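Residue numbers (this note's numbering): 1299 to 1572. The beta-carbon is built from N, C-alpha and C at its ideal position, and this holds for glycine as well. As the structure is a prediction and not an experimental result, all values here were calculated from the model. Everything below concerns the one structure shown next.
As structure tokens, then:
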């Protein structure tokens, strides 16, 4: 299957990436790269935005609301990725020195605030509570995962529940909100939410791994959900996305871009190399 099926996502995805680069300081940009100089996007890092754009195009075009939603969920993802860089002992004290907050914590919080700002700009106020709840679930899952890390008596069910909270919450929400604003039916909304959930769990393997059997189960669930959705190039793209995320090379970047794309930002056309 040709990677050309991704080309319709590139202008919007490039714009989201540019907005992130404008907000994240250069050293942190290098630590959590969203795209490479060779023209490929890191699908795990950009997953929420990719899911919003895929879902939106499955039902038509990326409108203003979908664009701001893509920015919203991607800034949440970036903030979460930055928070994962915080050392376990995130308060430092030396010889009576006052406690200090790592800069990565402050930057992650700033990106969360920016995400809320984009949500408001897109007139998506109705989803503010859902986004806030998602943030709570994501961090709850991360806390549980770290508590379980050195505990040999934790059940597989407990571990999987923590993964659901930390990695599946945001992608599932991204698909659900996009489906709702795109006019999808209730059944399609549930199917898309399942696609997002599976994509998030598979992408989470770069942080904490599950068995190949479990990954295959998730993949099957995602592909079955896609069978209930509108057919076409975006459905094919979603199948390809899930299949790639389920691959063995978790850190492999998906070549979703080509160099030298022109995108429109704030009424101006700008040459962007991604």
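### Query
Taking all protein chains shown into account, do 16 or more other C-beta atoms lie within 10 angstroms of the C-beta of residue 1392, making it buried, or fewer, making it exposed?
Counting from 1 along the chain shown, the entry for residue 1392 is found at position 94. Because residue 1392 sits at a pLDDT of 47, beneath the cut-off of 50, its placement in the model cannot be relied upon, and the point is left open.
### Coil, strand or helix - residue 1435 by DSSP
Indexing the chain shown from 1 puts residue 1435 at position 137. DSSP places residue 1435 in the helix class (H, G or I) of the three-state scheme.
### Query
Relative to the C-alpha of residue 1485, which residue among 1311, 1526, 1499 and 1544 is closest?
Translated into the one-based positions of the chain shown, residue 1485 becomes position 187. Of the residues 1311, 1526, 1499 and 1544, the one whose Cα lies closest to the Cα of residue 1485 is 1526.
### Query
Going by the CB atoms, is the gap between residue 1491 and residue 1501 shorter than 9 angstroms?
As a first step, residue 1501 must be located in the chain shown, where it is residue number 203. As a first step, residue 1491 must be located in the chain shown, where it is residue number 193. Contact check for residue 1501 against residue 1491 fails: the beta carbons are separated by 9 angstroms or more.
### Task
Would you mind sorting residue 1568 into buried or exposed? The rule is 16 or more other CB atoms within 10 Å of its CB.
As a working note, residue 1568 is residue 270 in the chain shown. Bear in mind that the predicted position of residue 1568 carries a pLDDT of just 37, short of 50, making it too unreliable to give a figure here.
### Query
For residue 1483, does the count of other Cβ atoms within 10 angstroms reach 16, so buried, or fall short, so exposed?
By 1-based counting over the chain shown, the position of residue 1483 is 185. Burial call: exposed.
### Query
How should residue 1513 be labelled, buried or exposed, when 16 other C-beta atoms within 10 angstroms of its C-beta is the threshold for buried?
As a first step, residue 1513 must be located in the chain shown, where it is residue number 215. With 16 or more other Cβ atoms within 10 Å, it is buried.
### Task
Count the other C-beta atoms from every protein chain shown that fall within 10 angstroms of the C-beta of residue 1346, then say buried if there are 16 or more, exposed otherwise.
For the purposes of this step, residue 1346 is identified with residue 48 of the chain shown, where counting begins at 1. Burial of residue 1346 is indicated by the presence of at least 16 other C-beta atoms within 10 angstroms of its C-beta.
### Query
Excluding the five sequence neighbours on either side, which residues of its own chain have a C-beta within less than 8 angstroms of the C-beta of residue 1446, listed in chain order?
Taking the first residue of the chain shown as 1, we reach residue 1446 at position 148. So the qualifying residues of the chain are 1452, 1456, 1457 and 1460.
### Query
Buried or exposed: residue 1449, going by 16 or more other Cβ atoms within 10 Å of its Cβ?
For the purposes of this step, residue 1449 is identified with residue 151 of the chain shown, where counting begins at 1. Label assigned to residue 1449: exposed.
### Message
Measuring only the C-alpha atoms, how far is residue 1508 from residue 1544?
### Response
Counting from 1 along the chain shown, the entry for residue 1508 is found at position 210. Counting from 1 along the chain shown, the entry for residue 1544 is found at position 246. It is roughly 11 angstroms from the alpha-carbon of residue 1508 to the alpha-carbon of residue 1544.
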